[in-house]
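What follows is one structure encoded as structure tokens, with my remarks underneath.
Residue numbers (the numbering used here), protein chains in the order written: chain A, 432 to 759; chain B, 432 to 759.
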């Protein structure tokens, strides 16, 4: 999977992913009205907006971006209809040739983690496998340790998928746990005696390295990637040096505050090894382009889904070109 | 919410929860056959088994146990039909008067965590609130820090719900991150200078204490509980001493290896302050009671749902009585 993603990034010369994290505020007025007319003012109406909106974004970006990252929380919020919208979005993106990274951040004790790993492995019913979730990769949370990751790693191997383990997240509160300094007296494979304290996220990084070392592919990267927030420049550079075979998924670009210059050090020396995600900056780009849409007045409606898609494309091209400028 | 749960535990004199974590192996043959006949050998058939099986367990235990803890992973594994089964199980348990602790272990950056918090807050559509998930409490993962917990804490306050934060999980790999010793040089509120190293899970515990201190209710416990695995006796006792106002959700009892004696120290001196979960030990009790069911032969079928429910009741009574013996 990682090899295919890397190949697609190289062909498009674009190491970026579109975060499909829709919210009602981002929906064009006409779409809203149509869906409320059809389904009433209900969670189902919102979920149906999301499906159509995402399709418009995908239609206008699938030829220039290699991957999408739908954030399942934005769908789960709307209950069963929301989950249905997530599944249909994943399927639509896959059929458009995009790599789909399901941002699900799951993690649980071993037996339960195996159930969650069905996101990658599908599920067996009386000997027949059903691939219900269809993601190419998912994000997972490391707090429960190695045996909680193992079922995902097995699914990656058996079904040619990938995981991205949360190492250092993009939010301000990430430091509460992830930046704690672990006592130098803790034993750690490959660590020298009298080494200085290391942080919890560096320790997670060493586990990620361990978990991935058997699956390094033709392009030099393993199936076990790391989530490293764009908002932490120094940590990103430190982790890049520590993890030569770990592909990075980098959230927090754009709306969350990081710019292209901040993330040069997240890439390897050839400009590879990472994919940068932007959500709002791309999918809500139409709101900047048509600032009066939705307000009372002449442009209160009339933004079509395709105009929203085209605005997303323009923003995706800008992001791509900025990233190209930085990594070349 | 915590006050109501505590009251119900006291009335029933039973600090235990039934883990509704079904799997196909636990389904009686006749139920399997009926559902496969109706829906084919499909994920939907399995999901429909789960709904009926859970209802049978709930029917026979709701008058003696205060709470259930459905593990969403066991349902999510079966895709949309599985999620539907989870939702119907939560609703059925609620209507039977049980407190429902959704074991969802969610956690994400602030804006996204707010979407996940819809599990507790419901979701707003054009000014109307839809309570789609209906859990009374959920479990959350602390790896992303304080701002990732904040939306859940707000939902707890606004809608009288509770959260249980993963502090020390029951699995063997929990030590990989949770037991790392944090350098004594880390500043930490309320900690003395030159205090010894503390573990990551103790540090999480101090955050949990912080997050809950404004919501301590009539019974002395806050809305912000902690998940503390029954399999770690010493850690449980240490955390109990550290967290006088934090209610514990204790998984890992029974099938995961801990017994009643191991967890005395998880309760406060009055025998309160914790609820112990057992999943397989209760819901799969019928398989021990009818060991030949499902095998080729005379008893290959013929176990009714109500027999499975009655076996669960018997196991729940045994667990209750063992816990009573320990905490009195």
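Just so you know, even glycine gets a beta-carbon here, dropped at the ideal spot from N, CA and C.
Closer than 8 angstroms, Cβ to Cβ, to anything on chain A: give me those residues from the stretch 593–619 of chain B, in chain order. 597, 600, 601, 602, 603, 604, 605, 606, 607, 608, 609, 611, 612, 613, 614, 615, 616 and 617
Find out if the Cβ-Cβ distance for the pair residue 487 of chain B, residue 740 of chain B is shorter than 7 angstroms. yes
Applying a beta-carbon distance threshold of less than 8 angstroms, which residues of chain B neighbour residue 505 of chain A? Here the neighbours are 543 and 546.
Using the beta-carbon count (16 or more within 10 Å), is residue 537 of chain B buried or exposed? Residue 537 of chain B comes out buried.
Could you name the residues of the same chain whose beta carbon sits closer than 7 angstroms to that of residue 577 of chain B, not counting the 5 residues immediately before and after it, in chain order? 638
Tell me, please, whether the stretch 704–715 of chain B touches the stretch 467–479 of chain B by the rule of three or more beta-carbon pairs shorter than 8 angstroms. no
Start and end of the alpha helix (DSSP H) containing residue 520 of chain B? 510–526
Short-range partners of chain D found in the stretch 557–574 of chain B, where Cβ spacing is below 7 angstroms: In the displayed structure, chain D is absent; the protein chains listed are A and B.
Within the 7 angstroms Cβ cut-off, does residue 511 of chain A reach chain B? yes
Determine the DSSP secondary structure at residue 624 of chain A, reduced to helix, strand or coil. In this predicted model, residue 624 of chain A has a pLDDT of only 49, less than 50, meaning its place in the structure is not dependable; the value taken from the coordinates is given anyway. Coil at residue 624 of chain A, not helix or strand.
If you reduce the DSSP assignment to three classes, tell me which class residue 473 of chain A lands in. coil
Run down chain B in chain order and give the residues with a C-beta less than 7 angstroms from the C-beta of residue 538 of chain A. Below the 7 angstroms Cβ cutoff, chain B contributes 536 and 572 as neighbours of residue 538 of chain A, in chain order.
Evaluate the contact criterion for the stretch 670–677 of chain B versus the stretch 449–469 of chain B: three or more CB pairs, one atom per stretch, below 8 angstroms. Segments in contact, no.
Between the CA atoms of residue 548 of chain A and residue 582 of chain A - distance to the nearest angstrom: 6 angstroms
Secondary structure of residue 565 of chain A, DSSP reduced to three states: coil
Taking only the alpha-carbon atoms, compute the straight-line gap between residue 722 of chain B and residue 461 of chain B and give it to the nearest angstrom. 15 angstroms
Could you tell me the alpha carbon to alpha carbon distance between residue 507 of chain A and residue 546 of chain A, rounded to whole angstroms? 18 angstroms
Note down the Cα distance separating residue 600 of chain B from residue 720 of chain A, rounded to an integer number of angstroms. For residue 600 of chain B and residue 720 of chain A, the distance between alpha carbons rounds to 48 angstroms.
Sequence-distant residues of the same chain with beta carbon closer than 8 angstroms to residue 563 of chain B, five excluded per side: 518, 549, 553 and 554
Whole-angstrom distance between residue 544 of chain B and residue 572 of chain A, CA atom to CA atom: 14 angstroms
By how many angstroms is the C-alpha of residue 590 of chain A removed from the C-alpha of residue 729 of chain B? Low confidence applies to residue 729 of chain B: its pLDDT is 45, below 50, so where it sits in the model is not reliable, and the reading given next is rough at best. Straight-line Cα distance between these residues: approximately 40 angstroms.
Mapping DSSP to helix, strand and coil, what is residue 713 of chain A? helix
Candidates B:539, B:499, B:606 and B:747, of which the one nearest residue 666 of chain B by Cα: Residue 666 of chain B has its Cα closest to that of B:606, out of B:539, B:499, B:606 and B:747.
By a C-beta neighbour count over all protein chains shown, 10 Å radius and 16 as the cutoff for buried, is residue 440 of chain A buried or exposed? buried
Could you check whether residue 708 of chain A and residue 542 of chain A sit closer than 7 angstroms to each other, using their CB atoms as the reference points? no
Tell me which residues share the same chain as residue 528 of chain A and place their Cβ nearer than 7 angstroms to its Cβ, disregarding the 5 neighbours each side in the sequence. Cβ neighbours of residue 528 of chain A beyond the five flanking positions: 493.
Along the beta strand (DSSP E) that carries residue 597 of chain A, what are the first and last residues, could you check? 593–599
Under the assumption that residue 659 of chain A contacts residue 678 of chain A (Cβ atoms under 8 angstroms), give the Cβ distance between them as a whole number of angstroms. About 10 angstroms separates the two Cβ atoms, so there is no contact after all.
Between residue 664 of chain A and chain B, is there a C-beta pair that is closer than 7 angstroms? no
Which residues of chain B have a Cβ atom closer than 9 angstroms to the Cβ of residue 554 of chain A, listed in chain order? 474, 477, 508, 509, 510 and 513
Where residue 744 of chain B and residue 738 of chain B are concerned, what is the direct C-alpha to C-alpha distance, given to the nearest angstrom? 10 angstroms
Under a CB-based cut-off of 7 angstroms, is residue 656 of chain A close to chain B? no
Is residue 578 of chain B close to chain A? Criterion is C-beta to C-beta, closer than 7 angstroms. Chain A contact via Cβ: present.
Would the beta-carbon of residue 539 of chain B fall within 7 angstroms of that of residue 502 of chain B? no
Along chain B, which residues have their Cβ under 7 angstroms away from the Cβ of residue 549 of chain A? 508
For residue 568 of chain A, which option in A:682, A:498 and A:470 has the closest C-alpha, if you only look at C-alpha atoms? A:498
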